[in-house]
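Report on one structure; see the data block that follows.
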Amino acid sequence: MLSLKNMRETIIPGKYKGYLIPVFSGLLLSLAYPTFNLGFLAFFCIVPFLLSLYGRDGKGGFFYGLSFGLPYFFVTQYWIYHSINQYGGVPFVVSITVVMGLCLYESLYTGLFGLIVSTMTSKRPVLLTAFAPFLWVGLEFLRGRLFTGFPWSLLGYTQEGFSTLVQIADITGIYGVSFLVILVNTALTDLVITHFMKKTDRRTALLSFTMVMLLFALSVAYGTQRIKEIKRITSSSRHIRVAIVQGNIDQSVKWDRRYQKDVVQRYFRLTKSSLREKPQLIVWPETALPFYPDLDKKLSKRLKSFIKEIDTPLLTGAILVRDRRVVKNRLYYSLTNSALLYDEDGNLLYVYDKIHLVPFGEYVPLKDLLFFINRLVEGIGDYKAGTSYKGAQLKWGAFSTIICYEAIFPGLVRKLVDASADLLINITNDAWFGKTTGPYQHFSISRFRAIENRVTLVRAANTGISGFIDAKGDVIKKLGLFRTGYIVANIPVVEIESFYKKYGDFFSYLCLLYIALALIKIRHKRGGIRS
-3 MLSLKNMRET IIPGKYKGYL IPVFSGLLLS LAYPTFNLGF LAFFCIVPFL
47 LSLYGRDGKG GFFYGLSFGL PYFFVTQYWI YHSINQYGGV PFVVSITVVM
97 GLCLYESLYT GLFGLIVSTM TSKRPVLLTA FAPFLWVGLE FLRGRLFTGF
147 PWSLLGYTQE GFSTLVQIAD ITGIYGVSFL VILVNTALTD LVITHFMKKT
197 DRRTALLSFT MVMLLFALSV AYGTQRIKEI KRITSSSRHI RVAIVQGNID
247 QSVKWDRRYQ KDVVQRYFRL TKSSLREKPQ LIVWPETALP FYPDLDKKLS
297 KRLKSFIKEI DTPLLTGAIL VRDRRVVKNR LYYSLTNSAL LYDEDGNLLY
347 VYDKIHLVPF GEYVPLKDLL FFINRLVEGI GDYKAGTSYK GAQLKWGAFS
397 TIICYEAIFP GLVRKLVDAS ADLLINITND AWFGKTTGPY QHFSISRFRA
447 IENRVTLVRA ANTGISGFID AKGDVIKKLG LFRTGYIVAN IPVVEIESFY
497 KKYGDFFSYL CLLYIALALI KIRHKRGGIR S
């Protein structure tokens, strides 16, 4: 029988041509994300990569993992280049280098995955389904936590369109969806391996595949039942009318004082138009106010007068100047990226300061320790992170706010929803992404936060995509990219319990524990053999 090694060499001969297999696999996987949306590919496109790892030495597995990760992360995150180059004024070569550096860092996780899988399969046949899915999830989870974290391009996000499957996120979080996707890939890989390797027990692989399909079917069945249950709950719950105003202000003129009045007037005009549909709350995007409300008294007074005139509470994004002080004739201050809630009389009821800031965008990491770093990153914002998870209270109920890319952090969002569980509002400014896949991916990610916490989500974006997302992750209504306008919807406001909201990333920690124990056991066995 043809061995797996001979099969690989027959398909792609040559010492380095084998790297084409993981590269091809990574490219295919990137097509499963918005805007390509070929989610079905994710269930089998990782199989070639897994086959390329099987039985290889650890060093080779690591570099194959890098070869898989680099195209995968670059295609799904190339839009970062646009933000750096277009609005940061960073030269083309430097911008691409920064993006490639980030992708290389993220690829270290897929490299580590390749190293461990190769090492564990190099000595004897091992069922990948027994450990690889747990390893993948553990590494994804760590990637979203370590060094401020960047949990973008998670495998589970490929299944945005598979509504019955993704409902398990209210138990496991997004990482449980990732687990199912990689589990199917490993089960298919095990079937291929048993065909080409005599010593592997085919019956065990078939039984494993059957169990995987059963788990998959149970997950879909759970999702189907959960959707019915949530429809029943929300149909009898209280509803409120909310208006989202999408100003569509170009980033290049947003803070230009010459356009300040025009920007304010556009939001006033669109908001007045939305009043025809009698909203109970109006939401403007992140940093919608083109002035500092705590410093510009004239425009602040005008804003409050406008709110009194429309007689409707308003939530808006703004930059606040905090901790102003003069030391030795020099002015010091800090900025916060904040959400402000005004009641119908123009009184400020609530302020939320963004907790998870964008590294090298809103603050410079380690600048106090690395004295030279400020010179290298001049012009980058120096914002102060918020510390409070408090929510806001209005007559119809309570809500919490998340700002911009805080939506990609499941644990942070869970804490904020837990502080106020009736409604979640995400204000963002995706103008930085331009006409790339970035805004579409960002919107898609937000849908999973609604599912995990079983809460209605209102998303107001400066240039889009704005929308209303229900507790099942379904889009109620949305306003497309780079469109000026408003949308109003009658949305359910209700507290629905979920395992994830109560216990957080319990499943992800279990995966980490499982892998740690497995590695300890293997190390102990090999140590025993050597002795």
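Counting along the sequence shown from 1, when you hit position 124 you're at 120 in the numbering used here, and nothing is skipped either side. For each residue, glycine too, the CB sits at the ideal point set by N, CA and C. These figures come from a predicted structure and were not determined experimentally.
DSSP-derived helix/strand/coil call for residue i
i                 : result
tyrosine 15       : helix
alanine 28        : coil
glycine 407       : helix
lysine 474        : strand
leucine 123       : coil
alanine 381       : coil
phenylalanine 367 : Confidence is the limiting factor: at phenylalanine 367 the pLDDT is only 46, short of 50, which leaves the residue's position unreliable, though a coordinate-based value still follows. Phenylalanine 367: coil per DSSP, three-state reduction.
glutamine 163     : coil
arginine 141      : coil
glycine 393       : strand
glycine 107       : helix
tyrosine 505      : helix
proline 67        : helix
leucine 34        : coil
leucine 515       : helix
aspartate 186     : helix
proline 147       : coil
isoleucine 42     : coil
glycine 313       : strand
valine 354        : coil
arginine 199      : helix
Nearest to residue i (by Cα), restricted to the options the options
i              : options                        : result
lysine 227     : Arg237, Arg141, Ile472, Trp280 : Ile472
leucine 98     : Ser233, Val208, Trp75, Arg321  : Trp75
serine 118     : Val188, His78, Val323, Gly51   : Gly51
valine 173     : Gly134, Leu266, Ile483         : Gly134
leucine 124    : Glu273, Phe109, Ala183, Leu111 : Ala183
valine 188     : Phe40, Lys517, Asn325, Arg237  : Phe40
isoleucine 167 : Ile461, Gly460, Leu477, Ile447 : Ile447
aspartate 470  : Phe88, Gly157, Pro18           : Gly157
threonine 332  : Ser384, Gly110, Phe192, Ser79  : Ser384
threonine 308  : His520, Ile240, Ala284         : Ile240
threonine 160  : Val238, Val216, Gln73          : Val216
threonine 312  : Val260, Ser103, Phe130, Lys293 : Val260
threonine 283  : Pro87, Ile42, Pro121, Gln256   : Gln256
isoleucine 164 : Lys304, Tyr218, Arg234, Leu336 : Tyr218
Cα-Cα separation, residue i to residue j
i                : j                 : result
tyrosine 505     : tryptophan 132    : 12 Å
isoleucine 170   : valine 162        : 8 Å
valine 317       : arginine 450      : 35 Å
threonine 200    : isoleucine 423    : 50 Å
aspartate 349    : tyrosine 379      : 10 Å
glycine 57       : threonine 267     : 56 Å
alanine 126      : glycine 382       : 42 Å
leucine 47       : valine 90         : 36 Å
isoleucine 404   : phenylalanine 146 : 8 Å
leucine 345      : threonine 480     : 28 Å
isoleucine 398   : alanine 417       : 13 Å
asparagine 343   : tyrosine 328      : 28 Å
tyrosine 15      : glycine 22        : 11 Å
phenylalanine 70 : glutamine 82      : 18 Å
leucine 211      : tyrosine 496      : 19 Å
proline 32       : proline 67        : Correcting the residue identity first, residue 32 is phenylalanine in this sequence and not proline. Between phenylalanine 32 and proline 67, the C-alpha separation is close to 15 Å.
asparagine 486   : arginine 326      : 51 Å
isoleucine 376   : tyrosine 436      : In this prediction, isoleucine 376 has a pLDDT of 44, which is less than 50 and means its spatial position is unreliable; what the coordinates show is noted afterwards. C-alpha separation (whole angstroms): 26 Å.
threonine 115    : alanine 514       : 13 Å
serine 534       : aspartate 290     : A question about residue 534 goes unanswered here, because the residues of the chain that appear run from -3 up to 527.
valine 409       : lysine 386        : 12 Å
glutamine 389    : arginine 298      : 24 Å
valine 238       : tryptophan 251    : 27 Å
Cβ separation of residue i and residue j, assumed to be a contact under 8 Å, to the nearest whole Å
i                : j                 : result
valine 489       : threonine 452     : 7 Å
leucine 475      : isoleucine 483    : 5 Å
arginine 455     : phenylalanine 439 : 7 Å
phenylalanine 20 : proline 44        : 6 Å
glycine 107      : leucine 37        : Contact doesn't hold; Cβ gap of about 22 Å is too wide.
isoleucine 310   : tyrosine 338      : This sequence places leucine at residue 310; isoleucine is not what is there. Leucine 310 to tyrosine 338, Cβ: 5 Å. Contact.
valine 322       : isoleucine 421    : Valine 322 to isoleucine 421, Cβ: 36 Å. No contact.
alanine 427      : glutamine 242     : Not confirmed; about 11 Å, so no contact.
tyrosine 29      : tyrosine 153      : 6 Å
glycine 35       : glutamine 155     : 5 Å
proline 406      : arginine 443      : Not confirmed; about 12 Å, so no contact.
proline 121      : isoleucine 178    : Not really, about 19 Å apart at Cβ, beyond 8 Å.
leucine 49       : glycine 140       : Actually they do not touch by this definition, with Cβ atoms about 23 Å apart.
Chain C within 8 Å of residue i, Cβ atoms only
i             : result
threonine 106 : Absent from the structure: chain C. Only one protein chain is present.
Residue i: CB within 7 Å of a non-hydrogen atom of the ligand HEM
i          : result
proline 67 : With respect to small molecules bound, the structure shown includes none, and the ligand HEM cannot be examined in it.
Open item on the list: Ignoring anything shorter than 3 residues, give me the beta strand (DSSP E) runs that lie fully in the stretch 415 to 495, in order along the chain.
Closed with: 420 to 424, 453 to 457, 462 to 465, 471 to 475, 481 to 488
Task: Segments of 4+ residues assigned as alpha helix (DSSP H) that fall wholly inside the stretch 221 to 307 - done: 256 to 270, 293 to 306
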